[in-house]
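>
Protein chains: 2
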Amino acid sequence: MAKQYEATILDSITIDCVIFGFNQGALEVLLVKHADGISKDKWGLPGGWIFTDESTDAAANRLLLELTGIKDVYLEQLRAFSEPDRFPVSRVITVGYYALIKKQDWTGLKPGATASEVAWFKVSEVETLIYDHRHILGVGLRRLRRRIKQEPIGFNLLPEKFTLLQLMHLYEEILGYEMDKPNFRRKILRMNLLTALDEKQKDVSHRAATLYKFNPETYQKLLEKGFNFEF
Amino acid sequence: MAKQYEATILDSITIDCVIFGFNQGALEVLLVKHADGISKDKWGLPGGWIFTDESTDAAANRLLLELTGIKDVYLEQLRAFSEPDRFPVSRVITVGYYALIKKQDWTGLKPGATASEVAWFKVSEVETLIYDHRHILGVGLRRLRRRIKQEPIGFNLLPEKFTLLQLMHLYEEILGYEMDKPNFRRKILRMNLLTALDEKQKDVSHRAATLYKFNPETYQKLLEKGFNFEF
DNA sequence: GCAAAAGTGTTTGGGTTACACCCATGC
DNA sequence: GCATGGGTGTAACCCAAACACTTTTGC
Chain X
1 MAKQYEATIL
11 DSITIDCVIF
21 GFNQGALEVL
31 LVKHADGISK
41 DKWGLPGGWI
51 FTDESTDAAA
61 NRLLLELTGI
71 KDVYLEQLRA
81 FSEPDRFPVS
91 RVITVGYYAL
101 IKKQDWTGLK
111 PGATASEVAW
121 FKVSEVETLI
131 YDHRHILGVG
141 LRRLRRRIKQ
151 EPIGFNLLPE
161 KFTLLQLMHL
171 YEEILGYEMD
181 KPNFRRKILR
191 MNLLTALDEK
201 QKDVSHRAAT
211 LYKFNPETYQ
221 KLLEKGFNFE
231 F
Chain S
1 MAKQYEATIL
11 DSITIDCVIF
21 GFNQGALEVL
31 LVKHADGISK
41 DKWGLPGGWI
51 FTDESTDAAA
61 NRLLLELTGI
71 KDVYLEQLRA
81 FSEPDRFPVS
91 RVITVGYYAL
101 IKKQDWTGLK
111 PGATASEVAW
121 FKVSEVETLI
131 YDHRHILGVG
141 LRRLRRRIKQ
151 EPIGFNLLPE
161 KFTLLQLMHL
171 YEEILGYEMD
181 KPNFRRKILR
191 MNLLTALDEK
201 QKDVSHRAAT
211 LYKFNPETYQ
221 KLLEKGFNFE
231 F
């Protein structure tokens, strides 16, 4: 990471983003290959410096857009990562974020100025990353596992319209265990967070499933009544 | 906060700690009154700067000891707080922590070098604090509410030996609703995390309750078997 | 005896679990 | 017809909720 605009950025603090996607039953993470610097040609999380007049939330959103073209997605801070030796060049603390994106909406991602490549990797197959990025990914994954059981955020990884089985497979992949189809259906439907559409699956070689969409408004109303999403 | 030792601390990053205690049925927080600087005579969270060769975890522990004399307690990072205008003097990001302490073990707390007073306040009665400290306290409280339902951390706020009713009152105070005594007993006992001691309450004007202690070792073993603390 | 909290018992009902089974569609 | 996934039905069981009731101790 080359420092530029000395006067307008904070030194010693950066942002790093764990960007999750879901594709063909597998949880994936978006990585970038650095174009230069001490980590040239190595894969890591997209990240960068913070301007002096923006919050870390704003910086994370900006960097996401700059580095990958992605915007307006679910984004939440993980925490600060601060081991003194985490960055070999100087003492830098990073604030980790994780994002959930509907992968289908973002085809043709382009690497930003400081990256030579940007690509999706299956989370289960990621090996070494630069600095402590592997560790940050692990923290992001644990956070996702925890959150998905308590808040209906899984929908951020699926297309607008999805089938109940797709949703179940998402839960199975993230949580790491198998579920019972009939029971999953009833459990999720009983919450009244999903609206069944008039539409059905197409081009499948079996009975077409009903498509559903998630209702954020309904969720808000339920929350106000003291509803508690639990899975 | 006066900056000293320019060469050995990180500028633009600080630590702030939300220290919770429990006393007579009320959740309390430890605050310090600043001895000088722009916030002289105002109450805020204990905090300070980070040395270049220590992690934020290490800094939080060190500051806790320096500012209040407290050490070896439950301490967990909340997250980074980074609004550009949160600190009026310069651009400073703070990493928030929260601690749970057995208040009885730490009587006679003494203010550190930069504080003129240190005192406990009922969380429900805290009003204005310096900078965004009120906000950080709120985030700490939400975190505590969430965690206490998922991990057996409540014991860190109670004496080594406690009664089941004390524990229930702790849950009621933190979660903000009343519970049923018989049902609470059975629920917590069925988890096998508590050991009944041969000892009983003393000097109470009613039937003396059995004292219990929490077993961290048992909890570890249960965790390994896939046990999931849920409240 | 009375107050106060400790501690036990019991009924009820909702919800999870486990699994059997029928439906629709493409090949 | 058969494979594949969509979708419904149901019995067993667990467990939380609600509340009645007994026990122990100090005054």
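Chains as they are written, first to last, in UniProt numbering: chain X, 1 to 231; chain S, 1 to 231.
Every residue gets a Cβ at the ideal spot worked out from N, C-alpha and C, and that includes glycine.
Looking at residue 70 of chain S and residue 101 of chain S, is the spacing between their C-beta atoms short of 8 Å?
Position 101 of the second sequence, counting from 1, holds the residue named residue 101 of chain S. Position 70 of the second sequence, counting from 1, holds the residue named residue 70 of chain S. Yes, Cβ-Cβ distance for residue 101 of chain S and residue 70 of chain S is below 8 Å.
> Quick one: list the residues of chain S neighbouring residue 80 of chain X, beta-carbon separation under 8 Å, in chain order.
In the first sequence, residue 80 of chain X corresponds to position 80, counting from 1. In chain order: 56, 77, 79, 80 and 95.
> Would you mind telling me which residues of chain X sit closer than 9 Å to residue 8 of chain S, beta carbon to beta carbon, in chain order?
Start at 1 with the first residue of the second sequence, and residue 8 of chain S comes out as number 8. Residues of chain X passing the Cβ test: none, with the nearest at roughly 11 Å.
> Taking any Cβ of chain X, which residues in the UniProt domain "Nudix hydrolase" (12-143) of chain S have a Cβ under 7 Å from it, in chain order?
12, 13, 52, 53, 54, 55, 56, 77, 79, 80, 82, 83, 84, 91, 93 and 95
> With which residues is residue 33 of chain S paired in a DSSP beta bridge?
Here residue 33 of chain S refers to the residue found at position 33 when the second sequence is read from its first residue. BP columns for residue 33 of chain S point to S/43 and S/117.
> Taking Cβ positions, are residue 191 of chain X and residue 181 of chain X nearer each other than 8 Å?
Position 191 of the first sequence, counted from the first residue, corresponds to residue 191 of chain X. Position 181 of the first sequence, counted from the first residue, corresponds to residue 181 of chain X. Between residue 191 of chain X and residue 181 of chain X, the C-beta spacing is not below 8 Å.
> Residue 18 of chain X: buried (16+ other C-beta within 10 angstroms of its C-beta) or exposed?
Sequence index remark: in the first sequence, residue 18 of chain X carries index 18 (1-based). It is buried - the Cβ of residue 18 of chain X has at least 16 other Cβ atoms within 10 Å.
> If we count Cβ pairs, one from each stretch, closer than 8 Å, do we get three or more for the segment 42-57 of chain X versus the segment 8-24 of chain X?
At 8 Å Cβ cutoff, the stretches touch.
> Which runs of the beta strand (DSSP E), 3 residues or longer, sit entirely within the segment 53-118 of chain X?
74-81 and 93-100
> Are the segment 83-100 of chain X and the segment 131-148 of chain X in contact at 8 Å, needing three or more beta carbon pairs?
yes
> Between residue 125 of chain S and the rest of its own chain, which residues show a CB-CB distance below 8 Å, the 5 nearest in sequence each way excluded?
One-based indexing of the second sequence puts residue 125 of chain S at position 125. Closer than 8 Å at Cβ, skipping near neighbours: no residue.
> By Cβ distance, which residues of its chain are closer than 7 Å to residue 214 of chain X, with the 5 residues on each side in sequence left out?
Here residue 214 of chain X is taken as the residue at index 214 of the first sequence, counted from 1. Once the five neighbours on either side are set aside, the close Cβ partners of residue 214 of chain X are 152, 155, 193 and 194.
> Between S/44, S/112 and S/131, which has its C-alpha nearest residue 68 of chain S's C-alpha?
Taking the second sequence and counting its residues from 1, one reaches residue 68 of chain S at position 68. Nearest C-alpha to residue 68 of chain S among S/44, S/112 and S/131: S/112.
> Hey, how far is the Cα of residue 86 of chain X from the Cα of residue 77 of chain X?
The sequence position of residue 86 of chain X within the first sequence is 86, counting from 1. The sequence position of residue 77 of chain X within the first sequence is 77, counting from 1. For residue 86 of chain X and residue 77 of chain X, the distance between alpha carbons rounds to 19 Å.
> What do you get for residue 46 of chain X, buried or exposed, if any count of 16 or more other CB atoms within 10 angstroms of its CB means buried?
Residue mapping note: residue 46 of chain X aligns to position 46 of the first sequence, counting from 1. Looking at its Cβ environment, which holds 16 or more other Cβ atoms inside 10 Å, residue 46 of chain X is buried.
> Quick check on this structure: which residue in S/42, S/209, S/231 and S/135 has the alpha carbon closest to the alpha carbon of residue 177 of chain S?
Translated into the one-based positions of the second sequence, residue 177 of chain S becomes position 177. Checking every option, the nearest Cα to that of residue 177 of chain S belongs to S/231.
> What residue does the beta strand (DSSP E) around residue 178 of chain S start on, and which one ends it?
Against the second sequence, residue 178 of chain S aligns to sequence position 178. Run containing residue 178 of chain S: none; DSSP gives neither H nor E here.
> Among residues of its own chain, excluding the 5 on either side of residue 173 of chain S, which ones have a beta-carbon nearer than 8 Å to its beta-carbon?
Counting from one through the second sequence, the residue named residue 173 of chain S turns up at place 173. Around residue 173 of chain S: 22, 25, 26 and 27.
> In whole angstroms, give me the CA-to-CA distance for residue 80 of chain S and residue 79 of chain X.
The residue labelled residue 80 of chain S in the question sits at position 80 within the second sequence. The residue labelled residue 79 of chain X in the question sits at position 79 within the first sequence. About 6 Å.
> Residue 103 of chain S: buried (16+ other C-beta within 10 angstroms of its C-beta) or exposed?
Here residue 103 of chain S is taken as the residue at index 103 of the second sequence, counted from 1. Classification for residue 103 of chain S: buried.
> Can you grab the Cα-Cα spacing for the pair residue 227 of chain S / residue 146 of chain X, in whole Å?
In the second sequence, the residue the question calls residue 227 of chain S occupies position 227. In the first sequence, the residue the question calls residue 146 of chain X occupies position 146. Each residue's Cα considered, the two are about 15 Å apart.
> Using a Cβ-Cβ cutoff of less than 7 Å, which residues in the same chain neighbour residue 4 of chain S once the five nearest sequence positions on both sides are dropped?
In the second sequence, the residue the question calls residue 4 of chain S occupies position 4. Residue placement at residue 4 of chain S is flagged as unreliable, the pLDDT there being 49, under the threshold of 50; the coordinate-derived value follows with that caveat. For residue 4 of chain S, where only same-chain residues beyond five positions count, there are no Cβ hits under 7 Å.
> At a cut-off of 7 Å, is residue 188 of chain S close to the ligand HEM when judged by its beta-carbon and the heavy atoms of the ligand?
Absence of the ligand HEM is noted for the structure shown, with no ligands found whatsoever.
> With DSSP run on the structure shown, which of helix, strand or coil describes residue 12 of chain S?
The residue labelled residue 12 of chain S in the question sits at position 12 within the second sequence. Residue 12 of chain S falls in the strand class under three-state DSSP.
> Per the DSSP calculation, residue 200 of chain S is bridged to which residue(s)?
In the second sequence, counting from the first residue as 1, residue 200 of chain S sits at position 200. Residue 200 of chain S is bridged to S/210.
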